[in-house]
Amino acid sequence: MIVLKIADLRKSYNGKMVLDGLNFEVPKGEALSIIGSNGAGKSTLIKCALFLTKPDSGSIDIFDSRVNSMSQLKLRKMRSNVGVVFQKHNLVPRLSVLSNVIHGSIGEANNKSILPLSAIGRWTHATAPNSIRSKAVNCLRMVGLEPLALKRADSLSGGQSQRVAIARALMQDPELIIADEPAASLDPIAGQQVMSLFFKLCKEKKITLLFTSHNTDQALDYADRIIALKNGNISLNEKTDALKSEDLISEYG
2 MIVLKIADLR KSYNGKMVLD GLNFEVPKGE ALSIIGSNGA GKSTLIKCAL FLTKPDSGSI
62 DIFDSRVNSM SQLKLRKMRS NVGVVFQKHN LVPRLSVLSN VIHGSIGEAN NKSILPLSAI
122 GRWTHATAPN SIRSKAVNCL RMVGLEPLAL KRADSLSGGQ SQRVAIARAL MQDPELIIAD
182 EPAASLDPIA GQQVMSLFFK LCKEKKITLL FTSHNTDQAL DYADRIIALK NGNISLNEKT
242 DALKSEDLIS EYG
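Take the numbering used here: the last position of the sequence shown gets the number 254, and nothing is skipped along the way.
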């Protein structure tokens, strides 16, 4: 099964072509890393895939459905099955760790209810249903942060914050997780720990993973396949077991 299919994707900004006819597929269960220098189009590709940015042309299919032609309602439903983790962790600082993880279930509540009352009830752990609180605690357990459930989010280290963001994504029971530079804001040790955990959880839960990275070692260690973007095109598309670190250095020229 193909989870994500990109066909002839083009996107330009102010007359400059950023993505110039990209074509690739991501099969179910694969971990794919997108690498490339600053400005290569990695973040633009992710935004187009989620239809946060409208491409100039080309098609995007997620879960065998054409994203380009989806209504806003269908887009919301599709996104509720896609966990998204950004470089900025986007936690609500004054709320508890547990409440931030529970926020991952708000999309599900919106999809099931015409009125947003059930979503509002999931803003804090104090008002969330018992089943949702229990699920959030389990997600925190998976990332090793259950003892910090009631701590304020602004008391966490960078690595802990990113683990909370991963737990929040897991709350969606996603079939696909898309992560934009998930370890870039962390120190080398914390970054390695987060990527190792990320990869392990996705493999255990059979979640398809697409992540961008500047770290060639992490791309090799935590992806099954690497795609490199250069000058708006795919300059490399290879399985990681056929690559070495020196093979990737030229992609940053």
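Virtual Cβ for every residue (Gly too), placed ideally from N, Cα, C.
This structure is a prediction, so every number in the text was calculated from the model and none was measured.
Where the beta strand (DSSP E) through residue i begins and ends
i, result
"MET172", "Careful: MET172 lies outside any beta strand (DSSP E) and carries neither H nor E."
"LYS43", "Counting along the chain, LYS43 falls outside any beta strand (DSSP E), though it belongs to the alpha helix (DSSP H) covering 43-50."
"ASP62", "58-63"
"LEU157", "That residue, LEU157, is in no beta strand (DSSP E); it is neither H nor E in DSSP."
"TYR253", "No beta strand (DSSP E) contains TYR253, which DSSP labels as neither H nor E."
"ALA8", "3-14"
"LEU87", "Looking at the sequence shown, residue 87 is not Leu but Phe. Element bounds for PHE87: n/a, residue is neither H nor E."
"PRO94", "Neither: PRO94 is in no beta strand (DSSP E) and is coded neither H nor E."
Start-to-end residues for the alpha helix (DSSP H) that takes in residue i
i, result
"VAL98", "98-103"
"VAL144", "Where VAL144 is concerned, there is no enclosing alpha helix (DSSP H), given that its DSSP letter is neither H nor E."
"ARG77", "73-80"
"ALA191", "189-205"
"GLU239", "No alpha helix (DSSP H) holds GLU239; the beta strand (DSSP E) holding it covers 234-240."
"ALA220", "217-223"
"LEU249", "246-250"
Proximal residues to residue i (C-beta, below 8 Å), its chain only, five neighbours per side dropped
i, result
"LYS89", "SER186"
"ILE235", "LEU23, ASN24, PHE25, ILE228, ALA229"
"ALA168", "VAL102, GLY105, ALA137, CYS140, LEU141, MET143, VAL144, LEU146"
"SER158", "ALA191"
"ASP9", "GLY22, LEU23, ASN24, SER58, GLY59, SER60"
"ILE115", "Unreliable positioning characterises ILE115 in this predicted model, as indicated by a pLDDT of 42, which lies under 50. The coordinate reading is nonetheless provided below. Excluding positions up to five away in sequence, the list is empty."
"MET71", "PHE52, MET79"
"LEU198", "VAL144, GLY145, ARG164, ILE167"
"LYS48", "THR54"
"SER66", "LYS75, MET79"
Sub-9 Å separation of residue i and residue j beta-carbons
i, j, result
"ASN232", "PHE25", "no"
"ASP181", "SER44", "yes"
"SER97", "HIS126", "yes"
"ASN216", "ALA184", "yes"
"ILE36", "ALA220", "yes"
"CYS203", "ILE179", "no"
"GLN163", "GLU109", "no"
"SER246", "ASP225", "no"
"LEU249", "VAL165", "no"
Nearest-angstrom beta carbon gap, residue j and residue i [assumed within contact, 8 Å]
i, j, result
"VAL68", "ALA170", "The Cβ separation is near 19 Å, so there is no contact."
"VAL4", "THR209", "4 Å"
"GLU176", "PHE87", "Not confirmed; about 19 Å, so no contact."
"ASP62", "LYS6", "4 Å"
7 Å CB neighbourhood of residue i in its chain, flanking five on each side removed
i, result
"SER13", "VAL19, ASP57"
"GLN194", "GLY160"
"ILE272", "Residue 272 lies beyond the stretch modelled for the chain, which goes from 2 to 254, so this question has no answer here."
"SER129", "Sequence inspection shows Ala at residue 129; the Ser mentioned does not correspond to that position. Excluding residues within five positions, the ones whose Cβ falls inside 7 Å are ILE103, GLY122, ARG123."
"THR241", "LEU221, ALA224, ASP225, ARG226, ILE227"
Close beta carbons around residue i, own chain, < 6 Å, minus the five adjacent residues each side
i, result
"TYR223", "MET196, PHE200"
"ASP188", "none"
"LEU99", "HIS126, ALA137, ALA150"
"TYR253", "SER38"
Proximity test, Cβ basis, 9 Å: residue i and chain C
i, result
"TRP124", "The structure shown has no chain C; it contains just one protein chain."
(Q) Does the region 13-32 come into contact with the region 138-146, if we say contact requires no fewer than three beta-carbon pairs (one atom in each stretch) closer than 8 Å? (A) no
Q.
Taking 8 Å as the cut-off, does the region 40-55 touch the region 73-87 (at least 3 CB pairs, one atom from each stretch)?
A. yes
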